[in-house]
Every structure is written in structure tokens, then in C-alpha cells.
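Only one structure is covered here, and it is reproduced in the block below.
2 protein chains.
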Amino acid sequence: MNGGATAAARAHSNIALVKYWGKRDATLNTPAVGSISVTLDALYTDTRVTFRSDLTDDELWLDGCRSDATRVRRVLDLVRGYAASAGHPAGGQHAVVSSTNNFPTGAGLASSASGFAALVVAATGAAGLALPARELSILARHGSGSAARSIFGGFAEMHAGTASDGSDSYAEELQGRSAWPLAVAVAITERGEKSINSTIGMVESAATSPFYPAWLDSADGDLAEMRAAIAARDFTRLGELTEYNCLKLHALMLSTRPALIYWNAATVAAMHAVRELRSGGVPAYFTIDAGPQVKVLCLPGDAEVVRQALAAVPGVHEVRMSTLGPGAYRLE
Amino acid sequence: MNGGATAAARAHSNIALVKYWGKRDATLNTPAVGSISVTLDALYTDTRVTFRSDLTDDELWLDGCRSDATRVRRVLDLVRGYAASAGHPAGGQHAVVSSTNNFPTGAGLASSASGFAALVVAATGAAGLALPARELSILARHGSGSAARSIFGGFAEMHAGTASDGSDSYAEELQGRSAWPLAVAVAITERGEKSINSTIGMVESAATSPFYPAWLDSADGDLAEMRAAIAARDFTRLGELTEYNCLKLHALMLSTRPALIYWNAATVAAMHAVRELRSGGVPAYFTIDAGPQVKVLCLPGDAEVVRQALAAVPGVHEVRMSTLGPGAYRLE
Numbered sequence: 001m002n003g004g005a006t007a008a009a010r011a012h013s014n015i016a017l018v019k020y021w022g023k024r025d026a027t028l029n030t031p032a033v034g035s036i037s038v039t040l041d042a043l044y045t046d047t048r049v050t051f052r053s054d055l056t057d058d059e060l061w062l063d064g065c066r067s068d069a070t071r072v073r074r075v076l077d078l079v080r081g082y083a084a085s086a087g088h089p090a091g092g093q094h095a096v097v098s099s100t101n102n103f104p105t106g107a108g109l110a111s112s113a114s115g116f117a118a119l120v121v122a123a124t125g126a127a128g129l130a131l132p133a134r135e136l137s138i139l140a141r142h143g144s145g146s147a148a149r150s151i152f153g154g155f156a157e158m159h160a161g162t163a164s165d166g167s168d169s170y171a172e173e174l175q176g177r178s179a180w181p182l183a184v185a186v187a188i189t190e191r192g193e194k195s196i197n198s199t200i201g202m203v204e205s206a207a208t209s210p211f212y213p214a215w216l217d218s219a220d221g222d223l224a225e226m227r228a229a230i231a232a233r234d235f236t237r238l239g240e241l242t243e244y245n246c247l248k249l250h251a252l253m254l255s256t257r258p259a260l261i262y263w264n265a266a267t268v269a270a271m272h273a274v275r276e277l278r279s280g281g282v283p284a285y286f287t288i289d290a291g292p293q294v295k296v297l298c299l300p301g302d303a304e305v306v307r308q309a310l311a312a313v314p315g316v317h318e319v320r321m322s323t324l325g326p327g328a329y330r331l332e
Numbered sequence: 001m002n003g004g005a006t007a008a009a010r011a012h013s014n015i016a017l018v019k020y021w022g023k024r025d026a027t028l029n030t031p032a033v034g035s036i037s038v039t040l041d042a043l044y045t046d047t048r049v050t051f052r053s054d055l056t057d058d059e060l061w062l063d064g065c066r067s068d069a070t071r072v073r074r075v076l077d078l079v080r081g082y083a084a085s086a087g088h089p090a091g092g093q094h095a096v097v098s099s100t101n102n103f104p105t106g107a108g109l110a111s112s113a114s115g116f117a118a119l120v121v122a123a124t125g126a127a128g129l130a131l132p133a134r135e136l137s138i139l140a141r142h143g144s145g146s147a148a149r150s151i152f153g154g155f156a157e158m159h160a161g162t163a164s165d166g167s168d169s170y171a172e173e174l175q176g177r178s179a180w181p182l183a184v185a186v187a188i189t190e191r192g193e194k195s196i197n198s199t200i201g202m203v204e205s206a207a208t209s210p211f212y213p214a215w216l217d218s219a220d221g222d223l224a225e226m227r228a229a230i231a232a233r234d235f236t237r238l239g240e241l242t243e244y245n246c247l248k249l250h251a252l253m254l255s256t257r258p259a260l261i262y263w264n265a266a267t268v269a270a271m272h273a274v275r276e277l278r279s280g281g282v283p284a285y286f287t288i289d290a291g292p293q294v295k296v297l298c299l300p301g302d303a304e305v306v307r308q309a310l311a312a313v314p315g316v317h318e319v320r321m322s323t324l325g326p327g328a329y330r331l332e
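Just so you know, the protein sequences line up as chains A and B, in that order.
Residue 72 in UniProt numbering sits at position 72 of the first sequence, and the numbers go up by one each step.
Residue 24 in UniProt numbering sits at position 24 of the second sequence, and the numbers go up by one each step.
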């Protein structure tokens, strides 16, 4: 028996209210702009990591299927570095990683965010390490920029940082989820995988969009305004800024050459449904990431009317409701 | 009997391949960027102007209904100025203007372009003036920026100009329509009026979009590339640049605060249908103005397959086919 050191963890997906697009350093995976997100209770990844002495390479099982372990290996290498320094046997071992999402993988629902956050918590746990949240966030960033935020619950801010080693490029909690309960509806308009990988899209935007410099320059203003809206618990301000920042991101994508068009017909129909809700007096605001799904922020008391309005949009397959979620944690 | 001096004219709508958005001078109605368009044979306005000594004000009849004559009066005042200098009685008279479109008014099909071009040709004709095309283009600009291009057929370029009196802000023909026959399909996705007036939208973009300076700065490059594509009759280059410039315009609109969202579900479905046509080997490229309609450029031999693909898109009510049209001309 070579069961080895094992641990499991759960991390929740998050959606950015102020978006990240563009990399500062591709090797360190540091973002070109900061971002602010909410963690979602309803969408999560469970991951188990087992270091074993009998393996010749890392193995990734994603929703039961053997998958490419390249990005996982990059994070595990860093965890092995910590473990070796601490004299833990995991420092010299490969690992089996099994991960399951309770939502469609790779369809713009930030499965890499929850996935890499869960991986980091499980892997460091299996390697006997007790790292501070900031270190966990940095480790998660190496897997996926948005994963750095899923270490935390409630409202989290990711700092772009300026250090050449990426040591100041991490997320931290802005406000806990219980301080300001909000609801998020996720309208699934397409079940398949998205067509354009985000990392490649970011490189193309930086290389070709005439709007990329202004995207970078205008980020700090949006971050400051969003921090103020969260601190003041001003939902109108938070919502309007969320929608503006989302549309600015998609504007950047559309002005990339060739264009990055992530929307489908139902995406746009859902956007209009949200604007109609507002015209009817229901404060609801949409945001959309690098995929066709539409996420809608609202107050908990309006969650049902928002769900119904989205479910009635032609092309919306399913509406998942969520409240704000907790940070990543060990299972068992 | 006070029949007065009368003349009628026909002018065709145009669609910009390199778009105009933003004003240099609101009073002179000079654009902040140049533009290049094709004039469309299938969409036109017929306008009759009659100067009469018994009128106390100008009257506008649009598709049979009495309408607000404010913008028409501004153009007629300029025409009266020319007529007075020439000693023509129209210089001191008001006019009845009756105008009919053969397509839906105000739905993003550039009815103001064909409308003001027809007005200028009819009004100057009724006033006994024989002005050069450049002067007609400047007069039309005072009514609507895009109308300056509808004085010409085939491919026309509008110059933004730099003169403080607007005297170098006019359109001219780049290439006649017979030199390079192209087809344009217009997919009507909404019959109603558009929700946001273009002039107001332009002011809001200039005031609020962080992308507006880059929009202005990148225009000359697009104009030069489009001129080269037209001169070389390189359809792929013309099409790709048309689509890129259209998406850049909508990116600017989306990044305006509050956002200018002109697309509906069918608009986006039609965009994807065009991209699928290209994947299937049919060179077709979309462009969209400040409205939900989708205009698709293709080669004449592909017109029928493009028409069928657009007609099959859910939410497309009608597809109008056009070839390139002539410049504005006197009727009778």
C-alpha cells in the first residue's frame, strides 16, 4: 500500500465585478490590471490531491476523465518546492488530482477559478503545509489569474502588483459575505465549451486592439469606485459600475482583430431582459465573462423575479441561483 | 395661383464601411473622423421642394405625415442664402417639402442620409441653382453627416476637414459603382424606431468613453487601408476591415456610460450566421450602424446564398437585397 499523503478541498467559483483581461507577465501569470469579484456559493469544485511515491508523473482526473495535467503540474511543482523545504516527502513525489465541478466545465463559469483554488488548498494540505492565505492566493494565481480570488469568500480584490517576482500580485478579502448579502443568477445560454481560450484572447487584445492602453489606464478608477461602492453597500453604484466594466471588457474584445465575440443571441436577449427589469423598478445588473453566460446581480428579495425573467428568455437553458460563497476550505 | 418654384430629386441611402461617430463642431455638423461608404441602389428617398410666397414657415411632410421641420429649415436657410445672392425669389420664400422613403424610416437604415441628400438636390433645383457636387455635399452635411456621402454613387469618402468654417468637410466619389459591382443584403431585425438618437449618442461617447481618443486616433489608418482595398478591388481586405471597423464602433458605443446597446438577439444571430458563411467558404462580411439591422457585403454571385442564410436567422423579418447605387439626381 502506498496511499501517501492526501487531502481534499472545496473552492467556489467567482465572478468579477471589475474584470481582469491582459497579462503583465506570462510566466508568473500576473495580471495587467487588478480586479474585484464576488465568490458564488452555488458553483464549486471539489478536489482531492494524493502524493504517492509510486507515480512517475502527475495525473489529473477532471469530472472522472483523464485530462491534460500541464497547468496543474505547474502549481504542484511550486507546492513540492515548499514541501521539500519543509522536509515533507511530498516534496519528491508526484500526485493524483481528482476534481469534480458541480457546474459545466469551461463554459465561461470560471471553472478554472474554483478548480485551481481547490487544488492549492488540497495540495498544500496533503503536503502538510499551513500557508497563509496570501501565499495560497499567489500559488492559485500560477494556475489561473481568477483562481487567486477564489481563495477568499464574499468580496475579494486581486492586486495586479508591480514586483518582478510576482510577490505582490495576490488577492485579499474586501468584505465578508455575511456583511452584505447579495444574490446572483447565472443564466446558461450555451452548454458547450467556449470557443476561444482566455489566455490567447488576452494576448491578441494586447497586440491588436487600439483600445487596450485605455483599458489598462481606466482600471484603477473602476477599482477605486467599486471599493467605495462595496464599503458604502451602495447597490445601485455597484451594479451600474459592474455593467459598465463588463461592457468595457467586451468592447475591448470586440475591438481585437480578429474580433473576440463571446455573445450569442440569448446573451443579448438576457442583457435586454435585465435592462427591462430595471425599467420596471427591479434593481438588477448583468455581467458577462469570456463566454456566453449572463450573470445577474440583485438583492436577495428580488432573486425570484430575476430568475423568472431570465428563465423566460428564449435560448436560456437553465438559471442557477446563488448567494455569496465562502473562501476555499479543507474537506473532512 | 402661387405654385412657386418646384423640383424633385431622388437620393439613395448609404452604408459606411469605415464609420463616422463623433462631431468636430456641432453647429457646422462637421464629423470628428472621416468615413467611407457605399451607396445602395435599393434604398432611396424621393423629395419634392416647392418654394411659395404664401407660406409663413417651412413645412415638412414625411411619408405623408406632417413632421418637425427644424433640421430641414437649417438646410433650407442655407439654400435661401445662395438663392438670395443669385437674385432668385426663393431667397425670400418658405418651402413645402414632401419626402417618401421606400424603406422603414429611422430604424438605422440611414433615412437621414438619403433624405437630406434628396432635400439638397431638390431645394437647390427649385431655387434655380446649379451648384457643384462639393457644395451640395456640404449643404447635405448640415442636415446629416452621412447625407454628405449620399450625394455620390458607388464608393464615397467623407473628409473630416480641419477648416473652422467647415469648407473642407465634404464627401467625394472614390470609385463609381460600375467599376466594382458588389452586393449588399440588409437584414431587418426590428421594424420600429431606434431608441437612441445618433447625435446624442455621439456626444455621450465623446464625454464618457475611455476609448474615444483611440477611436479618433485610429480612424486615419482605417481610412487609408480602406482606400487601398477599394483601389485594389481586394474584397477580403475590404470585408475584414469593414467588419473590424464596425465592431470597433460598437465597442465605442458599449463603452459609453450609460451604454449604447443597439444590438438585439437577431442582430447577434445574424453576425454569427455571416461568420458561418465565411467558415463555409462564402466571402461575406457584416456591418451594423446605430441600430439593430445587419448589412452584409458579398460578391454578386453569392447574393442569393447570403440572402437565404440571413432569412433563416430567427428574428430576421425581411432581407432586402441591393447593388451599389448612383448619386443623387433630379427627377422629371
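From the three backbone atoms N, C-alpha and C, an ideal C-beta is built for every residue, glycine too.
Query                                                                                                                              : Result
Spatial neighbours of P300 (chain B) in its chain, beta-carbon cut-off 8 Å, leaving aside the 5 residues before and after          : P181, L182, A183 and T323
Contact under 8 Å by Cβ, V120 (chain A) with A140 (chain A)                                                                        : yes
Residue from B:G22, B:I36, B:A32 and B:A126 whose Cα sits closest to the Cα of residue 402 (chain B)                               : What the structure shows of chain B is the stretch from 1 to 332, and residue 402 (chain B) is not part of that stretch, so it cannot be assessed.
C-alpha gap between E243 (chain A) and A187 (chain B), whole angstroms                                                             : 29 Å
Beta-carbon spacing of G34 (chain B), H159 (chain B) below 8 Å                                                                     : yes
Nonlocal neighbours in the same chain, by C-beta distance under 6 Å from H317 (chain B), ignoring five residues either side        : I188
Selection of the region 186 to 212 of chain A by Cβ proximity to chain B, strictly under 7 Å                                       : P210 and F211
Distance, G192 (chain B) Cα to A9 (chain B) Cα                                                                                     : 26 Å
Helix, strand or coil at V305 (chain A) [DSSP, three-state]                                                                        : helix
Where A163 (chain B) falls, given that 16 or more other Cβ within 10 Å makes a residue buried                                      : exposed
Touching by the beta-carbon criterion (3+ pairs, under 8 Å), the region 197 to 211 of chain B and the region 250 to 257 of chain B : yes
Contact with chain A by residue 344 (chain B), beta-carbon distance below 8 Å                                                      : Shown here, chain B extends from 1 to 332; a query on residue 344 (chain B) therefore has no answer.
Spatially closest choice to G22 (chain A) from A:F103, A:R134, A:N197 and A:D58, by CA coordinates                                 : A:N197
Any C-beta of chain A under 8 Å from that of S255 (chain B)                                                                        : yes
8 Å contact criterion, which A214 (chain A) and A214 (chain B) should meet: CB distance rounded                                    : 6 Å
Residue of A:V282, A:Q293, A:K248 and A:D41 minimising C-alpha distance to V268 (chain A)                                          : A:Q293
Sequence-distant residues of the same chain with beta carbon closer than 7 Å to residue 399 (chain A), five excluded per side      : Any property of residue 399 (chain A) remains undetermined from this structure, which presents chain A solely from 1 to 332.
Cα-Cα separation, C246 (chain A) to V79 (chain B)                                                                                  : 47 Å
Contact set for S85 (chain B): own chain, Cβ-Cβ below 8 Å, skip 5 residues either direction                                        : G91
E157 (chain B), enclosing beta strand (DSSP E) - first and last residue                                                            : F155 to M158
Proximal residues to G239 (chain B) (C-beta, below 7 Å), its chain only, five neighbours per side dropped                          : P283, Y285 and L297
Cβ of W263 (chain A) within 8 Å of any chain B Cβ                                                                                  : yes
Separation of A259 (chain B) from L43 (chain A), as counted between CA atoms                                                       : 29 Å
Residue from A:H12, A:I36 and A:P31 whose Cα sits closest to the Cα of G221 (chain A)                                              : A:I36
Closer than 8 Å to chain A by CB, N2 (chain B)                                                                                     : Only weak support exists for where N2 (chain B) lies, its pLDDT of 48 falling under 50; the coordinates are left without a value.
For L182 (chain B), the first and last residue of its enclosing alpha helix (DSSP H)                                               : That residue, L182 (chain B), is in no alpha helix (DSSP H); it is neither H nor E in DSSP.
Nearest residue (CA-CA) to G325 (chain B), options B:R275, B:S114 and B:A270                                                       : B:S114
CB contact below 8 Å: A266 (chain A) versus chain B                                                                                : yes
T70 (chain A), DSSP secondary structure in three states                                                                            : helix
Alpha carbon of V313 (chain B) to alpha carbon of R237 (chain B), nearest angstrom                                                 : 26 Å
V203 (chain A) versus G81 (chain B) - alpha carbon distance                                                                        : 56 Å
Reduced DSSP secondary structure (H/G/I, E/B, other) of N101 (chain A)                                                             : strand
Under 8 Å from the C-beta of L28 (chain A): neighbouring residues of chain B                                                       : What L28 (chain A) touches in chain B: nothing, since even the nearest Cβ is about 27 Å away.
Min CB distance Y244 (chain B) to chain A below 8 Å                                                                                : yes
Beta-carbon neighbours of K19 (chain A), restricted to chain B and to distances below 7 Å                                          : In chain order: nothing, as chain B lies at least about 13 Å away.
Of the listed residues A:V96, A:G176 and A:D25, nearest to I151 (chain A) (C-alpha basis)                                          : A:G176
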